[in-house]
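Residue numbers (my numbering), protein chains in the order written: chain B, 662 to 1024; chain Y, 16 to 321. The C-beta atom is built at its ideal place from N, Cα and C for all residues, glycine as well. Single-structure report; data block below.
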Amino acid sequence: MIEDWLERKEVCICAGSGGVGKTTASAAIALGMAARGRKVAVLTIDPARRLANALGLRELGNEERRVDAGVDGELWAMMLDAKRTFDELIEWHAPDEKTRDAVLSNRIYQELSNALAGSQEYMAMEKLYELSQEGRYDLLVLDTPPTRNALDFLDAPRKLAEFIDSRSLQLLMAPGRMGLRVLGAGTNVAFSVMKRATGIDLLQDLGEFFRSFGGMTEGFRERAARVNELLGARSSAFVLVTSPRREAIDEGIYFHRRLKDAGLPFAGVIANRVQQAGGGTTRAALVDLCGEELGTKVYDGYEGVRRLADRDQLNLDLLRRRLGRTPLIEVPHLPDDVHDLEGLRRMDEFLFDSATPPSSRPR
Amino acid sequence: MLLDRRLIVVTGKGGVGKTTVAAALGLLSARRGGRTVVCEVAQQERLAALFGAHDVGHGEVELAPGLFSVSVQPERAMHEWLRHQLKSGALAGLLGHSRLFGYLTAAAPGVTELVTVGKVWDLAQDERRTGGSPFDTVIVDAPATGHALALLRAPRTYANIARVGPIARQAGSIDRFLRDPAKTGVICVALPEEMPVSETVDLEQRLSDDLGMEIGQVVVNGVLPDRFTSGDARTLRGLGDRGTKAAQAAVASALVEHGRAEAQREQLERLRAEARAPVSTLPYLFEPELRRRELELLSDRLEETL
Chain B
662 MIEDWLERKE VCICAGSGGV GKTTASAAIA LGMAARGRKV AVLTIDPARR
712 LANALGLREL GNEERRVDAG VDGELWAMML DAKRTFDELI EWHAPDEKTR
762 DAVLSNRIYQ ELSNALAGSQ EYMAMEKLYE LSQEGRYDLL VLDTPPTRNA
812 LDFLDAPRKL AEFIDSRSLQ LLMAPGRMGL RVLGAGTNVA FSVMKRATGI
862 DLLQDLGEFF RSFGGMTEGF RERAARVNEL LGARSSAFVL VTSPRREAID
912 EGIYFHRRLK DAGLPFAGVI ANRVQQAGGG TTRAALVDLC GEELGTKVYD
962 GYEGVRRLAD RDQLNLDLLR RRLGRTPLIE VPHLPDDVHD LEGLRRMDEF
1012 LFDSATPPSS RPR
Chain Y
16 MLLDRRLIVV TGKGGVGKTT VAAALGLLSA RRGGRTVVCE VAQQERLAAL
66 FGAHDVGHGE VELAPGLFSV SVQPERAMHE WLRHQLKSGA LAGLLGHSRL
116 FGYLTAAAPG VTELVTVGKV WDLAQDERRT GGSPFDTVIV DAPATGHALA
166 LLRAPRTYAN IARVGPIARQ AGSIDRFLRD PAKTGVICVA LPEEMPVSET
216 VDLEQRLSDD LGMEIGQVVV NGVLPDRFTS GDARTLRGLG DRGTKAAQAA
266 VASALVEHGR AEAQREQLER LRAEARAPVS TLPYLFEPEL RRRELELLSD
316 RLEETL
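Next comes the structure, spelled out in C-alpha cells:
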C-alpha cells in the first residue's frame, strides 16, 4: 500500500484538517519507509512540537536530526523554525550585504516574519523545496501546518510572490504616475483613501520596507514558481489523512476535489482511528459469562462502541463513493494512544503490505 | 467565574471539540440570562449545524433564546471596518474594490487575523460599529493553538508596525482588551491524551511568554467513564476463550476501554500537575452525532465544574 503509493516518489505531502493524526501518520510513513531501506526526512512546521513528541524526542531544531530508530535505512526529522527559514531566505536572495542587513533589521520585516500565521505555510514549502534541491534524501515527508483551511499551504508560494511582487509594491515604493498606471485608473483615489484609513506613516514605513526588498522580487517570484513545479511533479505524492468523523470526511472530500482540479498528484487517503467492533451479542449471554453486574457493564460499553463503529463505516462509505478509484487505507483506533516510536511501529502493519524487516525491530 | 468576562476565547489542539465546548458554554451563558454570541472564525459554520440551522453567514442568527451565532468573514469584517474608519460606505466600497488594496490585504500576513479579531472585539463593545445591540458575553470558537496565538497576537503586531495613526490606536485598544484578564478569558480544550495535554501545557507557556496572557480554564473533553474496576479487568482477563466469538469481542472491547480509561487518568494527572490553570472535565459521549440534547448535558456539566 503506502510502499506502492510512494514508489519512485521523492516527496510525500501529508495534508488534512487538524486533530486527525496527520503528524502521527507522517511520522509512521517516514519510519516505515526508513525501515524498508530508504533515507527519509520528515518535516513539520507545527508550532506545538508534536512531531518531536511523536518521535519521542524532546525537541527538534531547524536542522534535520537523525532519529535512532533502529532501521535499515535512515530516519531524520526536523521541525521548522519559520522565522529562521525566512531569514535564511532573505540571506539567500539578497544581492549584497547591505540589502540583506537593511531587510533583516527593518522593523516591519521583524514584526511580520516573527509572528504571523501565514509565514509558516510559506516557509514549509520553502524548506521542502530547499531540501529537495539538495537531494540528500530518498524521500521527504512533509507534515503540513494545521491551517484553518487545510489547503492554505497550496497557495503559499503564490501568496509569497504576490506579497513581494513588484506590481503591488511599485506604488508604495514610488507612488508616482508609473506605479499608478500599472494598477489602472482609480488607484490614485484609492491610494489617498487608504492614507485616510491607515495613516500616512504606515504607508511610508511600508514603502521603505518594500524598497529595501529592492532587486529581490524577481528571485522570489522565480522561486515560488519552482516550488509550484515541485508540488505538481510526478515525483511528488499527496496523501490525505482524515478521521472517520463527519466533519473531517467532508473536508477530505473537498480537499480531494481541489487537488484533482489543480492537477496535483494524489496518491491516496489514510482514514485514521477507525473504531472497530465485532458482531452483536446479547446482555443475557454476557451476564451468563461474567455475572449480572459485570456482564451488564460489558454489554453497555460494547453497544456504545458498536454504535460508533457503525457511524465510522457509514462515513467511510460516503468517502469511498466520492473518491472513486483513489485507494483508501483504514487504520483502526489502536488500544493505546500513539505518541512514540513503539506506537508508530504498531501503525506500520496497517499502512504497509509487507512485514517490517526483522532488523528494524526495536533494539 | 469565567463567564463574567466579556470575551471568552476557546482554543485547543485540532479535533479536541472546541466547537462543541464553545456551543455548550454559549447555552450555559444564555441560560444564565446573558445575551450571548458565539463567533466562528474558521468559516466552517459547524456551530449552526449543531443547532440544526444552516447558512448563518456573517449576520447574527438566534440559535436558542438569548444565544446568537456569527460566522466572521474577513472580507465583510474588513468592509465594516473601512466603513467605520472612513465614515462613508461609498469610500469603503471604492477602497474595498481597488486592486491595490486587494493585493495588499490578500498578501500581507496577518491582515485576515487582524480584521477577524477586530470584528470579535467589536462584538464585545457596548457601542458597536454596526449599531447592533450589545452582547453580555462573546464566545469565540477560535482556531487551533498555533493559529489562535497568531490571532491574539495580530493586534499587537499591527500596533507596533503602525506606531501612530488610526491603525496603531485601534490595534492598541484591541490588544489591551485582549490582555486585560478582567475582560478577556481563555479556555483551552484538550483531550486526556499525550499530545493534546502537551500542547495545552505548551500553549499556556507561550501565551504567558509572548502575550502575558493566562489560560483561565482547561476543559478536558471526552473523559471515559470509570466503568470497570481493576478487579473487573482481572475477572475479564481470566475468562480466556470462554463464550461465543461476539461475547469475546465484547470482553476484549471492555478491556480496551479499561486500558484507555487508565491511560486517560494518567494524562489527566499529568495535566493537573503541569498546567497552572484549573482543569475540569466533560464525559465521553457514546453518541454517533452530538445534538441539542447532548449539548444541554455538556452545558450542565460545565455549570457544575466551572
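- Taking every protein chain shown into account, the CB of H112(Y) has fewer than 16 other CB atoms within 10 angstroms, so this residue is exposed.
- A Cβ-Cβ contact shorter than 8 Å links L40(Y) with L317(Y).
- About 24 Å separates the beta carbons of L801(B) and E1003(B), which is beyond the 8 Å limit, so they are not a contact pair.
- In this structure V24(Y) does not touch V130(Y) by the C-beta definition: roughly 16 Å separates them, more than the 8 Å allowed.
- A contact between stretches requires three or more CB pairs, one per stretch, nearer than 8 Å, and the region 951–958 of chain B fails this requirement with the region 887–900 of chain B.
- Listed along chain B are R768, E772, each with a C-beta nearer than 8 Å to that of N175(Y).
- DSSP places P211(Y) within a helical segment (H, G or I) once states are collapsed to three.
- Within chain Y, no residue has its CB atom less than 7 Å from the CB of H754(B), the nearest being about 17 Å off.
- With a 10 Å radius around the Cβ and a threshold of 16 neighbouring Cβ atoms, M210(Y) comes out buried.
- In the three-state DSSP reduction, N723(B) falls in the coil class, being neither helix nor strand.
- Non-local beta-carbon contacts of E289(Y) in its own chain, meaning distances under 7 Å to residues more than five positions away in sequence, involve V216 in chain order.
- Around V135(Y), the same chain offers C54, V155 as residues with beta carbons nearer than 6 Å, after the five sequence neighbours per side are excluded.
- When C-alpha distances from E879(B) are compared across L892(B), A928(B), D997(B), P756(B), the shortest belongs to P756(B).
- Interface residue (Cβ-Cβ distance to chain Y less than 8 Å): L950(B) is classified as such.
- Residues of the region 932–957 of chain B with a C-beta atom less than 7 Å from some C-beta of chain Y are A938, G939, G940, G941, T942, A946, L947, L950, C951, L955, listed in chain order.
- Close to chain Y, meaning a Cβ-Cβ distance shorter than 9 Å, are the following residues of the region 904–921 of chain B: S904, R906, R907, E908, A909, E912.
- For the region 285–318 of chain Y, the set of positions with a beta-carbon nearer than 8 Å to some beta-carbon of chain B reads F301, E302, P303, E304 in chain order.
- Annotation: the continuous beta strand (DSSP E) that includes L297(Y) extends over 294–298.
- Between the beta-carbon of L218(Y) and that of L42(Y) there is about 25 Å, and that puts the pair past the 8 Å contact cut.
- Listed along the chain, the chain Y residues whose CB falls inside 7 Å of the CB of D998(B) are E208, E209, A278.
- Taking a contact as a CB-CB distance under 8 Å, the pair G32(Y) and V681(B) does not count as one, their CB atoms being some 13 Å apart.
- In the three-state reduction of the DSSP assignment, R699(B) falls in the coil class.
- Residue-level contact by beta carbon holds for R275(Y) and chain B, with a gap shorter than 8 Å.
- About 7 Å separates the Cβ atoms of P303(Y) and L969(B), confirming a contact at the 8 Å cut-off.
- With 16 or more other Cβ atoms inside 10 Å of its own Cβ, R699(B) counts as buried.
- By the rule that beta-carbons nearer than 8 Å mark a contact, V888(B) does not touch chain Y.
- Counting along the chain, P89(Y) sits inside the alpha helix (DSSP H) bounded by residues 89–101.
- Contacts with chain Y at 8 Å (Cβ-Cβ) include S678(B).
- Per DSSP, R242(Y) lies in no alpha helix (DSSP H) and is assigned neither H nor E.
- Chain B has no Cβ within less than 8 Å of the Cβ of D241(Y).
- Around the Cβ of S793(B), a 10 Å sphere holds 16 or more other Cβ atoms; the residue is buried.
- In the three-state reduction of the DSSP assignment, A676(B) falls in the strand class, which pools E and B.
- The residues L166, L167, A169, P170, I189, L193, in chain order, have a CB closer than 8 Å to that of V132(Y) in the same chain once the five nearest residues on each side in sequence are set aside.
- Contact annotation: the region 909–929 of chain B does not touch the region 231–240 of chain Y, with fewer than three C-beta pairs closer than 8 Å.
- Close partners of Y963(B) in chain Y (Cβ separation under 8 Å): A264, A265, S268, A269.
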